[in-house]
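K.L.:
Residue numbers (my numbering): 143 to 362. Backbone N, C-alpha and C fix where the C-beta goes; we use that ideal spot for every residue, glycine too. Predicted model only: the values in this text are computed from it and were never measured. I have a structure here, written as structure tokens, and I will follow up with some questions on it.
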């Protein structure tokens with residue numbers, strides 16, 4: 143997603159792999175959950191209250207899972223170390239469609255599929271809000287690089303990736319709840335835990351963006 147003449151160099155190139163590994167690890171739990179859902183859809187699993195909505199709309203579900211998993215995995219390689227313009231540009235042209243498919247199908251499922259057990263209006267509102275921001279960030283990131291505004295491009299793409307990786311942080315926030323409380327959250331509690339995952343990721347993204355603007359090294 144960068145112009146061919148643009149060169150990116152980051153301090154601490156040797157620390158690229160730890161940063162990327164951490165991002166991939168954060169996305170592992172949703173990737174595993176997505177693989178289970180795809181197996182259910184393609185393997186003829188029994189329809190239950192937990193998975194009925196996925197069987198009711200298998201195509202958007204499959205598109206959402208595949209696009210989100212690939213976006214999270216490949217997106218990790220856009221962070222850390224030296225930015226090779228050609229590789230960054232080619233990978234970006236793959237990532238933007240994947241991110242848009244993940245965001246748009248997520249919005250579609252929120253609007254048109256039945257709410258799963260334990261979800262409610264607040265969580266649906268969070269999904270609509272953060273999904274819209276993710277899609278908008280991708281569009282603004284593309285618009286910025288077309289103007290050769292590299293700084294704004296990087297900022298918007300960082301925000302989009304942070305939101306796309308939200309499911310990983312949400313797995314952590316919900317796991318911490320179970321460890322501390324030892325009981326499942328109620329509907330509002332679950333919505334707040336899921337929302338916290340997106341908020342945490344956005345806060346980290348904004349910190350990274352501010353450090354870039356200040357010219358200080360970043361590790362992600």
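Taking 7 Å as the threshold (C-beta atoms), are residue 315 and residue 335 in contact?
P.N.:
In the chain shown, the residue the question calls residue 335 occupies position 193. In the chain shown, the residue the question calls residue 315 occupies position 173. Yes, the Cβ-Cβ distance between residue 335 and residue 315 is below 7 Å.
K.L.:
Can you name, in chain order, every residue of its own chain whose Cβ lies under 6 Å from the Cβ of residue 344, other than the five neighbours on each side?
P.N.:
Your numbering for residue 344 matches position 202 in the chain shown. Excluding sequence neighbours, residue 344 sits near 304.
K.L.:
Indicate whether residue 218 and residue 183 have their beta-carbon atoms separated by less than 7 Å.
P.N.:
By 1-based counting over the chain shown, the position of residue 218 is 76. By 1-based counting over the chain shown, the position of residue 183 is 41. Their beta carbons are not under 7 Å apart, which means residue 218 does not touch residue 183 by this criterion.
K.L.:
Which runs of the alpha helix (DSSP H) at least 4 residues long sit entirely within the region 289 to 339? Give them in chain order.
P.N.:
292 to 306 and 308 to 323
K.L.:
Could you work out which residue in 214, 186, 238 and 196 is closest to residue 163 when comparing CA atoms only?
P.N.:
As a working note, residue 163 is residue 21 in the chain shown. Comparing Cα-Cα distances from residue 163 to each of 214, 186, 238 and 196, the minimum goes to 214.
K.L.:
Among 297, 332 and 231, which one has its Cα closest to the Cα of residue 269?
P.N.:
Position 127 of the chain shown, counted from the first residue, corresponds to residue 269. Measuring from the Cα of residue 269, the nearest candidate turns out to be 332.
K.L.:
Report yes or no: do three or more beta-carbon pairs, one from the region 185 to 195 and one from the region 239 to 250, lie closer than 8 Å?
P.N.:
They do not touch, by the three-pair rule.
K.L.:
By Cβ distance, which residues of its chain are closer than 6 Å to residue 362, with the 5 residues on each side in sequence left out?
P.N.:
As a working mapping, residue 362 is identified with position 220 in the chain shown. At residue 362, the pLDDT of 40 sits below 50, so the modelled position is not reliable; the number obtained from the coordinates is stated separately. Excluding residues within five positions, the ones whose Cβ falls inside 6 Å are 161, 221 and 350.
K.L.:
Compare the C-alpha of residue 290 against each of 356, 180, 231 and 187 and name the closest.
P.N.:
Stepping through the chain shown from its first residue, residue 290 is reached at position 148. Checked all of 356, 180, 231 and 187; the closest Cα to residue 290 is 231.
K.L.:
Note down, in chain order, each residue of its chain lying with its Cβ closer than 8 Å to the Cβ of residue 187, except the 5 sequence neighbours on either side.
P.N.:
Taking the first residue of the chain shown as position 1, residue 187 is located at position 45. So the qualifying residues of the chain are 181 and 193.
K.L.:
On the three-state DSSP scale, how would you describe residue 186?
P.N.:
Here the question's residue 186 lines up with position 44 in the chain shown. DSSP places residue 186 in coil when its eight states are reduced to three.
K.L.:
Just the Cα atoms here: how many angstroms apart are residue 185 and residue 353?
P.N.:
Counting from 1 along the chain shown, the entry for residue 185 is found at position 43. Counting from 1 along the chain shown, the entry for residue 353 is found at position 211. Taking the straight line from one Cα to the other gives about 47 Å.
K.L.:
Which residue's Cα is closest to the Cα of residue 307: 324, 337, 259 and 254?
P.N.:
Walking along the chain shown from the start, residue 307 turns up at place 165. Nearest C-alpha to residue 307 among 324, 337, 259 and 254: 337.
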